[in-house]
Structure formats: structure tokens, C-alpha cells
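The opening position of the sequence shown corresponds to residue 1 in the numbering used here, with each subsequent residue numbered one higher.
Step one of this worksheet: look at the structure below.
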Amino acid sequence: MNPRHACLQCLNRKPPDLFGASLWVAVEHDRSLDIDAVQASLSQLCLQLDAMLPVLPPRELAQPLLRQLCALGFHQDDDRPLLPRAARVDLVLRRRLGQPLSIAIIALELARRLEIPLVGVNFPGHVLLKAPGSDHLLDPCTGRRLYPRECQALLDRYFKGGLALQAHHLLPCDARYLVQRLSRNLRQLHQQTSDPLAALRDAERVIELGSPTLNDHLARADLYRLLECPQGERFDLEHALLLSEDPMQRIALTQRLRSLQRPLAFH
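This is the structure we're talking about:
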């Protein structure tokens, strides 16, 4: 099966299969990946966690679940430079180290299987989780409760005081958004490791998942330029120009587009 189509099929299910879609993202980069083996490994982890959790109502088990994951060695990967393995959920499950988003995806799947209410939160720089109806967020890497003050401190850590906490930072997000954000992470990591073809696969997936941003088009245009594909670069620059509201940026994009115009043929 085509991994991209399989990923989209997972997201189109009712309810969406977030973990399955994330595994198909990994298959795009490793065609030898045994999805059934990864699912079996997660099932074993689920059984282990089920035996470790306290006897509480499901709505009170979100934080204990994350705490137990942390106790079992699931932590944020602090390697520098960060490698694509920190984003691929199959490798994060095996290594128990990864980016917050990939750990969150694993936690959300475990919560689903254990019937624990838990949702992803569209928080900048560090995906968070939330038990519906609670007055706090949860860090997927530690299980720590985060209230507005802690959320602002997290933003300060990632954005050096340049971003104030806003209401939309605390909103739940759906499976399609999380896979799109996962694809952006992989695109960046593959670019950093000088693998433009792998990064292009991620960049294409970002746009195919819908509602791409200006930066998504610019990122893919840069990859097309690196891979000497002017037609693809032109396509993304034109779309970036339509999305840009910055006059100086529009001038720069227009100049870049002009440099890509085909020379006139003389007969």
C-alpha cells in the first residue's frame, strides 16, 4: 500500500487513527518497517501500564498514565543536534526518547486503548496534553501539571520572552493537525541532517494534509531549489506570494519568481 494514502486513510477514519497515521509517516522513510511489530510492542506497553495504574475513575488517570510513562524511561530527547529519530514514533517507542509531540502521540494512543480521556493541545514549541474538563494542561514528557504561569514560563523557554500566552495556545487539536505538525518536525530534522529528499517527502505531506501556511510553501520552495527543480519552486513561491501580507516579503518573492522565468526562445 502507498504509505501516503494509508496515512490519509487512517486520518479519515471515525475516529481518526492518529498512531496508525504516524506509523505510515515512518514507513515513508523506512519501507522495511514492520507496523504489526510496532503495534505489538505498544500493546505490551499498554498491558504493563494497565497493571501499574492506580484504581481511579478513568477521568483521573491521565496524569498517572504520563507519570508511569516517565518512570518507564520516556523522556524528551536532548541530543544536539537532534536527529530525525527523535520524531519518528516507531523509534521513539523503541528508544523511549523523543520530541514532546512524538511522546504525546504514543501517550494518546495508550490513553485511547485504556479508555482514559486525553486530548492533544496546540501549544507552540512543545505539544501538551489535557484531560477534558480539567483546569490544567499536562506535559507529555513528565506528567507535570501546567497552569497559566507555567505555560508562560514554557513559552519563555522556547521563544525567549517573545511570545505571550494567548487563549488559542490552550485549545485542543485534532489528529490531522498533529500529523501535520509531526511532518513539519521531520521536515526540519531531515533538512538539518542534509537529507533533502526525505525532507521533501515531509514537506509534500504537510501541504497535502491541508491549510498549509506561508512558511510551509517557502520551506518546500527552498527544498525544490536545493534539488534543482524550478517548476516546483515556482509553484510554491506563487502560493507563498498569495499568502504573504508583508510588502517587503512580497517584493522579495516577486524578484525570486522573476529569476525563475524561462528564457525566451529565439527562432
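For each residue, glycine too, the CB sits at the ideal point set by N, CA and C.
Contact under 8 Å by Cβ, residue i with residue j
i      : j      : result
Leu200 : Leu227 : yes
Leu108 : Val38  : no
His29  : Arg67  : no
Leu182 : Leu83  : no
Leu214 : Ala240 : yes
Ala62  : Pro117 : yes
Phe74  : Ile103 : yes
Pro230 : Leu260 : yes
Tyr158 : Pro124 : yes
8 Å contact criterion, which residue i and residue j should meet: CB distance rounded
i      : j      : result
Val206 : Pro172 : In fact, because the Cβ distance is near 21 Å, the residues do not count as touching under 8 Å.
Glu233 : Arg225 : 5 Å
Leu146 : Leu137 : 4 Å
Ile35  : Val25  : Rounded, the Cβ-Cβ distance is 11 Å, inconsistent with contact.
Leu49  : Leu110 : 6 Å
Beta-carbon proximity list for residue i, same chain, < 8 Å, skipping 5 on both sides
i      : result
His267 : For His267, the pLDDT reaches just 44, beneath the cut-off of 50, and the residue's location in the model is therefore unreliable, although a value from the coordinates is still provided. For His267, where only same-chain residues beyond five positions count, there are no Cβ hits under 8 Å.
Leu264 : Summary for Leu264: the model assigns pLDDT 43, below 50, so the residue's position carries little reliability; its value from the coordinates is reported in the next sentence. Cβ neighbours of Leu264 beyond the five flanking positions: none.
Asp236 : His217, Leu218, Arg220, Ala221 and Tyr224
Pro148 : Leu165
Pro196 : His190, Leu223, Leu226 and Leu227
Cβ shell of residue i (< 7 Å), same chain only, five flanking positions each side left out
i      : result
Pro100 : Gln76, His126, Val127, Pro140 and Cys141
Pro132 : Pro117 and Val119
Arg250 : Leu241 and Ser244
Option nearest residue i by Cα separation, candidates the options
i      : options                           : result
Pro57  : Glu115, Ala40, Leu97 and Cys10    : Glu115
Leu23  : Ser194, Ala6, Arg13 and Leu163    : Ala6
Leu14  : Asp174, Ser102, Leu110 and Ser259 : The sequence given here places Lys at residue 14; Leu does not occur at that position. Looking at the Cα atoms, Asp174 is the closest of the given residues.
Arg31  : Gln231, Asn215, Arg258 and Ala198 : Ala198
Arg80  : Asp216, Gln63 and Gly98           : Gly98
Ala71  : His217, Glu245 and Met52          : Met52
Gly210 : Gln44, Pro3, Leu178 and Ala252    : Leu178
Ser43  : Arg250, Leu33, Arg112 and Gln191  : Arg112
Arg144 : Asp202, Gly162, Leu69 and Ala21   : Leu69
Ser134 : Leu243, Leu170, Glu208 and Gln249 : Leu170
Leu33  : Pro54, Met1, Leu45 and Leu18      : Met1
Arg184 : Arg95, Ala203 and Leu47           : Ala203
Contacts around residue i, its chain only, beta-carbon distance under 6 Å, and the 5 residues preceding and following it disregarded
i     : result
Leu91 : Arg85
Pro16 : Ala175
Ala21 : Cys7, Cys10, Leu11 and Val179
Residue i CB to nearest heavy atom of the ligand FAD below 7 Å
i      : result
Ala167 : No copy of the ligand FAD occurs in the structure displayed, which carries no ligand at all.
Per DSSP, cross-strand counterpart(s) of residue i
i      : result
His126 : BP columns for His126 are empty, so no partner.
Leu97  : His75
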